[in-house]
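Chemist: Numbering (our numbering), first residue to last: 1 to 286. Heads up, the beta-carbon is just placed ideally off N, CA and C, and yes, glycines get one too.
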Amino acid sequence: MSEAPAAPRTVSADAPRAAGIDLLLRPPRPRAGWRLLPARVGAMCAVELQKLRHDRTELYTRAVQPGLWLLIFGQTFTRIRAIPTGGIPYIDYMAPGIIAQSAMFIAIFYGIQIIWERDVGVLNKLLVTPTPRAALITGKAFAAGVKSVIQAVVVVIIAALLGVALTWNPLKLLAVAAIVILGSAFFSCLSMTIAGIVLSRDRLMGIGQAITMPLFFGSNALYPVSVMPGWLQAVSKVNPLSYEVDALRGLLIGVHAHVALDFGVLLVAAALGITAASSLLGRLAR
């Protein structure tokens, strides 16, 4: 007698899942360890930069002032030859200083935005997330740096159209972007630190307007340190803008500069700024 045939295997009515389809059905594994902080910083930076998609007016309007500095002040003083520049045209000497100036002017009022976020309740929501405060500040600081790089590109184009002899070496241009980002990160953190102290947009606006011109004229953006009076030379040596201008001048027009020292000073200044702003962030939310 023959054996009964074996029962067929039960087959699911669902179509077989393609390999990897589970990735669409399972949430991604949370980042941990050393990957957590860079991911949060990148997310905050991306959120800040998304605002440019809705309103690019700031970038256009802020290009007017540096253009006028180069077009009027630069070309006029090139003809006068009143400022010693080591044999290079004054407008060439001045262009890196105007790039640093325009980047600083974007970053120095960044604290107004964080006070506005406090007023509308966004800051409190960010602070209750597991994101470290240092990551919040760092993301905002580097977003300010990226905005400043966009502004610097506009100024470089204007300077090139005016005949300024700038380098087009890709490696040097990348170093210029890094210098601009670090400088803007410091000044945006300075603004957010002041915001954590004064807690008011009006007060911050007044202080920002009061310190921008001393920072600018107390640097080597428009003239060499050697022509300054002694007390102003001392101010210039502790002014981070001087180190930013020195590095930009060395990279863009090839004059002698202490680029490694400038980079190190700006890196330390940005780190100290992030620390100070992070420590005062909770005070804003009270």
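The alpha helix (DSSP H) spanning Y93 covers which residue range?
Modeler: One-based indexing of the sequence shown puts residue 93 at position 93. That run of the alpha helix (DSSP H) goes Y90 to A107.
Chemist: What first and last residue would you give for the alpha helix (DSSP H) that runs through N124?
Modeler: Here residue 124 corresponds to residue number 124 of the sequence shown, with the count starting at 1. That run of the alpha helix (DSSP H) goes V122 to L127.
Chemist: Grab me the residues of G111's own chain with a C-beta within less than 7 Å of its C-beta, minus the 5 sequence neighbours each way, in chain order.
Modeler: In the sequence shown, counting from the first residue as 1, residue 111 sits at position 111. Around G111: S191, M192, I194, A195 and L204.
Chemist: Using the C-alpha atoms, what's the distance from F186 back to V268?
Modeler: Along the sequence shown, read from residue 1 onward, the residue named residue 268 stands at position 268. Along the sequence shown, read from residue 1 onward, the residue named residue 186 stands at position 186. Approximately 9 Å, taken between the alpha carbons.
Chemist: If G145 and I181 are in contact, beta carbons under 8 Å, what's the gap, nearest whole angstrom?
Modeler: Here residue 145 refers to the residue found at position 145 of the sequence shown. Here residue 181 refers to the residue found at position 181 of the sequence shown. 3 Å between Cβ atoms; contact.
Chemist: DSSP three-state call for R203: helix, strand or coil?
Modeler: Locating residue 203 in the sequence shown gives position 203, counting from the first residue. Looking at R203 - three-state DSSP - the assignment turns out to be helix.
Chemist: Starting from Y243, follow the alpha helix (DSSP H) in both directions and report where the run begins and ends.
Modeler: As a working mapping, residue 243 is identified with position 243 in the sequence shown. Run containing Y243: P240 to L252, per the alpha helix (DSSP H) assignment.
Chemist: Compare the Cα-Cα distances from F216 to each of P229, I274 and E244 and report the closest residue.
Modeler: As a working note, residue 216 is residue 216 in the sequence shown. Of P229, I274 and E244, the residue nearest in Cα terms is E244.
Chemist: Excluding the five sequence neighbours on either side, which residues of its own chain have a C-beta within less than 8 Å of the C-beta of D167, listed in chain order?
Modeler: Here the question's residue 167 lines up with position 167 in the sequence shown. Rather than Asp, the amino acid found at residue 167 in this sequence is Thr. Answer for T167: L173, L251, L252, I253 and G254, listed in chain order.
Chemist: Would you grab the beta carbon distance between R266 and I179 for me? Rounded to a whole angstrom, and I think it's under 8 Å.
Modeler: Against the sequence shown, residue 266 aligns to sequence position 266. Against the sequence shown, residue 179 aligns to sequence position 179. The sequence shown places Leu at residue 266, rather than the Arg named in the question. Contact holds; Cβ gap of about 7 Å.
Chemist: Taking G67 as the reference, which of V154, A107 and I83 has the closest Cα?
Modeler: Translated into positions along the sequence shown, residue 67 becomes position 67. The residue with the shortest Cα to Cα distance from G67 is V154.
Chemist: Buried or exposed for S188, please, with buried defined as at least 16 other CB atoms from any protein chain shown within 10 angstroms of its CB.
Modeler: For the purposes of this step, residue 188 is taken as the residue at position 188 of the sequence shown. Its Cβ being crowded by 16 or more others within 10 Å, S188 is buried.
Chemist: Taking the alpha carbon of L241 as the point to measure from, which residue in I158, P96 and W116 has its own alpha carbon closest?
Modeler: Taking the first residue of the sequence shown as 1, we reach residue 241 at position 241. The shortest C-alpha separation from L241 is found at P96.
Chemist: Indicate whether L281 and L123 have their beta-carbon atoms separated by less than 9 Å.
Modeler: Here residue 281 refers to the residue found at position 281 when the sequence shown is read from its first residue. Here residue 123 refers to the residue found at position 123 when the sequence shown is read from its first residue. Closer than 9 Å, so yes.
Chemist: What is the C-beta distance between D92 and A165, in whole angstroms, given that I count them as a contact (C-beta under 8 Å)?
Modeler: In the sequence shown, residue 92 corresponds to position 92, counting from 1. In the sequence shown, residue 165 corresponds to position 165, counting from 1. That pair is a contact at about 6 Å.
Chemist: Provide the residue span of the alpha helix (DSSP H) that contains R81, from first to last.
Modeler: Sequence index remark: in the sequence shown, residue 81 carries index 81 (1-based). Here R81 belongs to no alpha helix (DSSP H), and DSSP marks it neither H nor E.
Chemist: Using only alpha-carbon positions, find the residue among G206, L199 and V176 that is nearest to D262.
Modeler: Residue mapping note: residue 262 aligns to position 262 of the sequence shown, counting from 1. The shortest C-alpha separation from D262 is found at V176.
Chemist: Below 8 Å on the Cβ atoms is my guess for L222 versus M94; work out the distance and round it to an integer in Å.
Modeler: Taking the sequence shown and counting its residues from 1, the one referred to as residue 222 is at position 222. Taking the sequence shown and counting its residues from 1, the one referred to as residue 94 is at position 94. About 6 Å; that satisfies the 8 Å criterion.
Chemist: Quick one: grab the DSSP three-state call for T76.
Modeler: Here residue 76 refers to the residue found at position 76 when the sequence shown is read from its first residue. In this structure, T76 counts as helix in the three-state DSSP scheme.
Chemist: When the distance is taken between beta carbons, is V227 closer than 9 Å to P84?
Modeler: Against the sequence shown, residue 84 aligns to sequence position 84. Against the sequence shown, residue 227 aligns to sequence position 227. Their beta carbons are under 9 Å apart, which means P84 touches V227 by this criterion.
Chemist: Tell me which same chain residues have a C-beta within less than 7 Å of the C-beta of V259, skipping the five on either side of it?
Modeler: As a working note, residue 259 is residue 259 in the sequence shown. Counting only Cβ-Cβ distances below 7 Å, and skipping sequence neighbours, we find A247, G250 and L251.
Chemist: What is the rounded straight-line gap between the Cα of L127 and the Cα of R283?
Modeler: The residue given as residue 127 occupies position 127 in the sequence shown. The residue given as residue 283 occupies position 283 in the sequence shown. If I take the Cα positions, the gap works out to 11 Å.
Chemist: So for Y110, helix, strand or coil by DSSP?
Modeler: Counting from one through the sequence shown, the residue named residue 110 turns up at place 110. Of the three classes helix, strand and coil, the one that applies to Y110 here is helix, per DSSP.
Chemist: Beta-carbon within less than 6 Å of V198's beta-carbon, same chain only, minus the 5 sequence neighbours each way: which residues are those?
Modeler: For the purposes of this step, residue 198 is taken as residue 198 along the sequence shown, with counting starting at 1. Excluding residues within five positions, the ones whose Cβ falls inside 6 Å are L204.
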